[in-house]
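Engineer: One structure, as structure tokens, below. Some questions next.
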Amino acid sequence: MRVAAAGVRHRGGVAVSFRRAACTATTAVLAAGALTIVEPALLGLAGTRPWLYAAAFPVPRVLGLAAVTVLLGAVALRARGAAPAAGALALATAVSGAVVLHRGAGAGELPAAEAGDVTVVTVNTEFSRADVQAVASLVLRTQADVVTMPETTARFAGEVAAAVRTGGGPALQVLAHEGRGPENTSTSLLVSDRWGPYRKLPARELPMRLGAVAAVPVAGDGPPLAAVHPYPPVGEGLPTWEAEGLAAVRWCETHPGALVGGDFNATPDHPALRALGECVDVSVATGTGSRGTWPSRVPALLGAPIDHVLADARRWRPVASAVVDVPGTDHRAVVARVRPS
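As numbered in full-length UniProt numbering, residues 1 to 341 make up the sequence shown, in order.
Structural data, given as structure tokens:
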């Protein structure tokens, strides 16, 4: 009888040990999976599917990671073997949350401009469907010197420029790339007359499937400007997405004093915007870098911050930024202000 009882205890101990080991392994796998999905940039996966889509939504990503951390923490209270995995995930949550908070998720605000400041507005007008008067009002209200508008025809850009002029604003030169396909392949750039006339560079200077406009002043010391729209990471377009995003950043780096704005179809966690070199993302530098700009139908805190203004940090110092709703488009506008450094 004693031998039989000992055998039962032995088998019971083995069963308990097995359950603990299984719980520990399951917790570790869940923690690793959650970390991979929710914080792919830490693991170098933010440029590959499906993880790049998780990298697009910073605030929901952190909230998801926090929820999994709480769940595994509850498991760890009953299974001590799960504690290391839960602790590691809690640390990852803290780091991820700190990054999001550091970049900022507020709407932002613009202080009064000082002499020498330059204000850039970027807004994807969604096939030129945005409200012309709303865009013009934003340009007037922010005293924008540069307006970059992906998915915008020359005609729509001209209407905005005319409305700004009628409203008492400066004359705005219209420079556009007119796509041969749908209106989302057109990109427009408006430039204030403060620097005199600009000339558009050949398309080969900054080739993009959805169109880009690169321009430099005919004379004077105005900054090189570019309005960009890298291809989205859908279908077979993943290599194009990464190449065009990197090309936009390189253009900023290789043109002293450059300002580059547009719909990058990428967030600060994606490969192109993690390799800014001598350029700076004005939103990230001024506290709105985690605030979603797309899609506008969801609250900004739940959206993807894919619209950006980059500035050559050797010439410009970021001063302020704001994320602004614009009627008629699925994107929010980004307003960025820089000052000569």
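We put the CB at the ideal spot given by N, CA and C, even for glycine.
With the cut-off set at 9 Å, would you say HIS229 and GLY257 are in Cβ contact?
Structural biologist: For the purposes of this step, residue 229 is identified with residue 229 of the sequence shown, where counting begins at 1. For the purposes of this step, residue 257 is identified with residue 257 of the sequence shown, where counting begins at 1. Contact: no.
Engineer: Given a cut-off of 9 Å, decide if ALA76 and ALA83 are closer than it, judged by their beta-carbon atoms.
Structural biologist: The residue you call residue 83 lines up with position 83 of the sequence shown. The residue you call residue 76 lines up with position 76 of the sequence shown. The answer is yes: Cβ separation under 9 Å.
Engineer: Do the segment 148-160 and the segment 125-133 make contact, defined as three or more Cβ pairs closer than 8 Å?
Structural biologist: With the cut-off at 8 Å, the segment 148-160 and the segment 125-133 touch.
Engineer: With DSSP as the reference, please indicate the residues paired to LEU210 in a beta bridge.
Structural biologist: As a position in the sequence shown, residue 210 is number 210, starting the count at 1. Beta-bridge pairing links LEU210 to no other residue.
Engineer: Taking all protein chains shown into account, do 16 or more other C-beta atoms lie within 10 angstroms of the C-beta of ARG297, making it buried, or fewer, making it exposed?
Structural biologist: The count along the sequence shown starts at 1 and reaches residue 297 at position 297. By the 10 Å Cβ count, ARG297 comes out exposed.
Engineer: For the segment 222-304, which segments carrying the alpha helix (DSSP H) assignment without a break, of at least 4 residues, lie completely within its bounds, in sequence order?
Structural biologist: Listed in chain order, the complete alpha helix (DSSP H) runs (minimum 4 residues) inside the segment 222-304 are 238-254 and 282-286.
Engineer: For the alpha helix (DSSP H) holding LEU89, just list the boundary residues, first then last.
Structural biologist: In the sequence shown, the residue the question calls residue 89 occupies position 89. Here the alpha helix (DSSP H) through LEU89 covers 83-103.
Engineer: Tell me whether HIS102 is buried or exposed, calling it buried when 16 or more other Cβ atoms sit within 10 Å of its Cβ.
Structural biologist: Indexing the sequence shown from 1 puts residue 102 at position 102. HIS102 is exposed by the Cβ-count criterion.
Engineer: Output the boundary residues of the alpha helix (DSSP H) element that contains LEU138.
Structural biologist: Position 138 of the sequence shown holds residue 138. Counting along the chain, the alpha helix (DSSP H) containing LEU138 begins and ends at 132-142.
Engineer: Taking the alpha helix (DSSP H) that TRP51 belongs to, which residues open and close that run?
Structural biologist: As a working note, residue 51 is residue 51 in the sequence shown. Start and end: 51-54.
Engineer: Could you tell me how far apart the beta carbons of VAL218 and PRO197 are, in whole angstroms, since I believe they sit closer than 8 Å?
Structural biologist: Position 218 of the sequence shown, counting from 1, holds the residue named residue 218. Position 197 of the sequence shown, counting from 1, holds the residue named residue 197. Confirmed, about 5 Å.
Engineer: Checking the sheet assignment: what are the DSSP bridge partners for LEU77?
Structural biologist: Locating residue 77 in the sequence shown gives position 77, counting from the first residue. According to DSSP, which records beta bridges pairwise, LEU77 is partnered with nothing at all.
Engineer: Based on the DSSP output, what are the partners of GLY108 in its beta bridges?
Structural biologist: Sequence index remark: in the sequence shown, residue 108 carries index 108 (1-based). Paired residues: ALA322.
Engineer: Can you check which of these residues, VAL146, ALA161 and GLY64, is closest to VAL132 by C-alpha distance?
Structural biologist: Counting from one through the sequence shown, the residue named residue 132 turns up at place 132. With distances taken between Cα atoms, VAL132 lies closest to ALA161.
Engineer: If I measure Cβ to Cβ from GLU205 and keep anything under 7 Å in the same chain, skipping five residues before and after, which residues do I get?
Structural biologist: In the sequence shown, residue 205 corresponds to position 205, counting from 1. Here the set comprises ALA214.
Engineer: Rounded to a whole number of angstroms, what is the C-alpha to C-alpha distance between ALA247 and THR293?
Structural biologist: Reading the sequence shown from its first residue, position 247 is the one you call residue 247. Reading the sequence shown from its first residue, position 293 is the one you call residue 293. Approximately 22 Å, taken between the alpha carbons.
Engineer: Taking only the alpha-carbon atoms, compute the straight-line gap between residue 414 and HIS270 and give it to the nearest angstrom.
Structural biologist: What the structure shows of the chain is the stretch from 1 to 341, and residue 414 is not part of that stretch, so it cannot be assessed.
Engineer: Please classify LEU225 as buried or exposed, where buried requires at least 16 other C-beta atoms within 10 Å of its C-beta.
Structural biologist: Residue 225 sits at position 225 when you count from the first residue of the sequence shown. So LEU225 counts as buried.
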